[in-house]
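S.K.:
Residue numbers (the working numbering): 1 to 123.
#1: Go through its chain and collect everything with a Cβ distance to residue 71's Cβ below 6 Å, but skip five positions before and after it.
#2: Given residue 38, which residues of its chain have a CB within under 6 Å of its CB, disregarding the five upstream and five downstream residues?
#3: Whole angstroms is fine: what's the gap from residue 65's alpha carbon to residue 88's?
#4: Quick check on residue 67: does DSSP put it in helix, strand or coil?
#5: What are the start and end residues of the alpha helix (DSSP H) that includes residue 80?
#6: If we ignore side chains and look at the alpha-carbon of each, how far apart do residue 123 and residue 4 end up?
#7: Which of helix, strand or coil does DSSP assign to residue 110?
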């Protein structure tokens, strides 16, 4: 179980960091034209989402890796699960049902990590 938790945290941590970096570095206009949904938010909100994703992705792996405050791993996973619940709400509001599957996958992965690191295989 420990190996599965590490793999899921690593894969999704990298995905969050990569997505966050894109939100932080790509121009708002280009990003909104490419995806559509950012047009519902201010440029500052999209940048803040990028910061949340980078910090959340780092929080899924780094505390456990360096063994400094490893309780932050399930806390980060719980926070990212709430973040994904918000993303799912936005997808439903916009009627983007095809993209919803990816968000549900991320939500399930975050719940798995939080449950696994809080209850089943804590550090």
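Glycine included, every Cβ here is placed at the ideal spot set by N, Cα and C.
M.R.: Reading off the structure:
#1: none
#2: 31, 32, 46
#3: 30 Å
#4: coil
#5: Residue range 72-94 is occupied by the alpha helix (DSSP H) that includes residue 80.
#6: 14 Å
#7: helix
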